[in-house]
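Okay, structure first, notes after.
Residue numbers (my numbering), protein chains in the order written: chain A, 60 to 314; chain B, 551 to 912.
What follows is the structure, given as structure tokens:
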């Protein structure tokens, strides 16, 4: 049974076909890249996997269950986390609080146990301490520990991207969706991230789907590459095969 | 690497704050030693307002949803407590808590439109609730109709069992109210520091990301209303005993707006700010501005200006005018309210760059 199967999925926005019959499947512990020109439907695909959009037709099967009609929070509970193309952080909260929100599904504390957090032995305090420690480990992994108490609004772009990645990792995802993680990064930062994404797969045992424009990053990282254009799959396979596929070349260069 | 994570979530960030807060509490407890009895009506009123504004802040400052119907929850708390005591013979404390939960239930129901509506549309929905509730109360006999109802003696014991401990003076009530307010404020602060409060703030900052991180948006949006209404209910329960005798009239739209002014003036991101905002505005509205014409020279001057150009009734609406001006000034110059002013002062004293988003914010 494949880890994730996207089965003939279609979605329209006011008559505009955003995705038309897209199918593919992703192996566990692989790095799967989605490429395609702007507006080809890559982010729409992520929004469908996340449950932000619902497909008009087709199914998305994750570890044996159809998740295509579930709400985003239920999908998150199954272990799917993501980052956004235009960073969606909780801007008025600190780095720590942002990452703690990634721990949301692993925490239990409700209004009452929260309100009665009297002393460090209370249930809420023990849960907070435990989860703050695991967040600390994620920060260490990404090298953002010194920023823990900084509000994210004041951070530079590259750091905010890392915080967002940290928030997704704090969720301990089985499937991690990264939407253009290297956008706006310098060459050095890109190289760094390349190493980190591999480390995420190996240390966090996550499967990764990547939307990426930088072909260098895609070629170096991916086990499989999927190329889409105007909502349709035009090629799928090993990075080299896809890169030299005539339809891909045409879509990128224009005919 | 940080060693003690409890320091981040514990009630007091450090020893000095703990001492400061303890000192302030001692001061409040000992107030009856220095203040004459007649001040305690106003102080009790302040405490009721502090509780409701802290609750309003959980909603407005937390999730960013603005309620114009909090006077409605306030009324439910006041009527609920008194009626549960009178009609069902429930002792004061359980009646108060129960009334809080009834208000919370109404809060949950009023929160349901929040799942579809946002911003001003949601506020209008809450406004409709606030207006409807007083009309319903005014038309039902059990609520005393337009004439109103009389609160029973504030008995902390169980009178049916012969255990009676009646708080008759304002000072005795003050101590009780103070304990309730401290518990409620500490609870609010804890809620905002833990999982639920963080989720509220996440919803305010980014709906989409909150959902994707596993926060159940419908549940948390309505929960915020319920928690906020619970605070309003408790505050209302106390308010009923401040007034003693009351009818639906004071629980009007203006009161809802006044609560919002208190929350904004205090600062929508801080519990301490809400406490300060509620206390300050209550003092202005019910003490200073009521008696402003009695201030020598200045009061006479204001009255004559008012009579010359505005009205022949003296200083009739000066409290609304001044509150409006304060609100405008706060929004233009210090959107984080009194809490922002406090951070500014602290910043000058410590000579460190000011950072309104730093620790302490909820």
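No residue lacks a Cβ here, since even glycine has one placed at the ideal position from N, Cα and C.
Residue environment: residue 564 of chain B is assigned as exposed (fewer than 16 neighbouring CB atoms within 10 Å of its CB, all protein chains considered). By the CB criterion at 8 Å, residue 749 of chain B and residue 770 of chain B fall inside the cutoff. For residue 603 of chain B and residue 886 of chain B, the gap between their C-alpha atoms comes out near 15 Å. Contacts between residue 202 of chain A and chain B, judged by CB atoms closer than 8 Å, are missing: the closest CB pair is about 13 Å apart. Counting C-beta pairs closer than 8 Å gives three or more between the stretch 285 to 294 of chain A and the stretch 76 to 96 of chain A, which meets the contact rule. Residue nearest to residue 731 of chain B within the set B/710, B/597, B/773, B/606 is B/597 (criterion: CA-CA distance).
What residue 755 of chain B touches in chain A, judged by beta-carbon distance under 8 Å, is 148, 149, 150, 151, 152, going in chain order. Counting every other CB atom within 10 Å of its CB across the protein chains shown gives residue 171 of chain A a total below 16, marking it as exposed. Counting only runs of 4+ residues, the alpha helix (DSSP H) found wholly inside the stretch 730 to 812 of chain B occupies 745 to 755, 757 to 762, 767 to 793, in chain order. The bridge partners DSSP lists for residue 124 of chain A are A/121. Scanning its chain for C-beta atoms nearer than 6 Å, with the 5 sequence neighbours on each side dropped, one finds around residue 622 of chain B the residues 679, 680, 683, in chain order. Not flagged as an interface residue toward chain B: residue 267 of chain A, since no C-beta distance is shorter than 8 Å. Residue 568 of chain B and residue 891 of chain B have their C-alpha atoms spaced approximately 21 Å apart. Judged by pairs of C-beta atoms under 8 Å, the stretch 605 to 612 of chain B touches the stretch 801 to 819 of chain B, as three or more such pairs exist. When B/821, B/711, B/791 are compared, the shortest CA-CA separation from residue 717 of chain B is found for B/791. Residue 168 of chain A sits away from residue 853 of chain B, with the two beta carbons spaced by 8 Å or more.
Around the beta-carbon of residue 801 of chain B, 16 or more other beta-carbon atoms lie within 10 Å, marking it buried. For residue 156 of chain A, the chain B residues whose Cβ falls inside 8 Å of its Cβ are 748, 751, in order along the chain. Under a criterion of Cβ atoms nearer than 9 Å, no residue of chain A is adjacent to residue 689 of chain B; the nearest Cβ is some 34 Å distant.
Selection B/559, B/720, B/620 evaluated against residue 587 of chain B yields B/720 as nearest (Cα-Cα). Relative to residue 803 of chain B, the option among B/675, B/739, B/645, B/669 whose CA is nearest is B/675. Note on geometry: alpha-carbon atoms of residue 752 of chain B and residue 233 of chain A lie some 23 Å from one another. Residue 798 of chain B is not a Cβ neighbour of residue 619 of chain B, given a cutoff of 8 Å. Of all residues in the stretch 726 to 737 of chain B, only 737 come within less than 7 Å of chain A when Cβ atoms are compared, listed by chain position.
Distance from the CA of residue 627 of chain B to the CA of residue 836 of chain B, rounded to the nearest whole angstrom, comes to 22 Å. Boundaries of the alpha helix (DSSP H) harbouring residue 199 of chain A: 182 to 201, taken from the DSSP string. A straight line joining the alpha-carbon of residue 830 of chain B with that of residue 633 of chain B spans about 31 Å. With contacts defined by Cβ atoms closer than 8 Å, residue 296 of chain A and residue 308 of chain A do not form a contacting pair. The alpha-carbon of residue 625 of chain B is positioned some 40 Å away from that of residue 136 of chain A.
Taken in chain order, the members of the stretch 195 to 223 of chain A whose beta-carbon sits within less than 8 Å of a beta-carbon on chain B are 195, 199, 204, 207, 208, 210, 212, 213. Residues are counted here when their Cβ sits less than 8 Å from a Cβ of chain A; for the stretch 780 to 813 of chain B the count is zero. Looking at the DSSP output, residue 145 of chain A shares a beta bridge with no other residue. Against chain B, a Cβ distance below 7 Å from residue 187 of chain A picks out 555, 559, 744. In the DSSP assignment, residue 295 of chain A falls within the unbroken beta strand (DSSP E) covering 291 to 296. If you draw a straight line from the Cα of residue 219 of chain A to the Cα of residue 153 of chain A, it comes to about 11 Å.
For the pair residue 118 of chain A and residue 110 of chain A, the Cα-to-Cα distance works out to about 12 Å.
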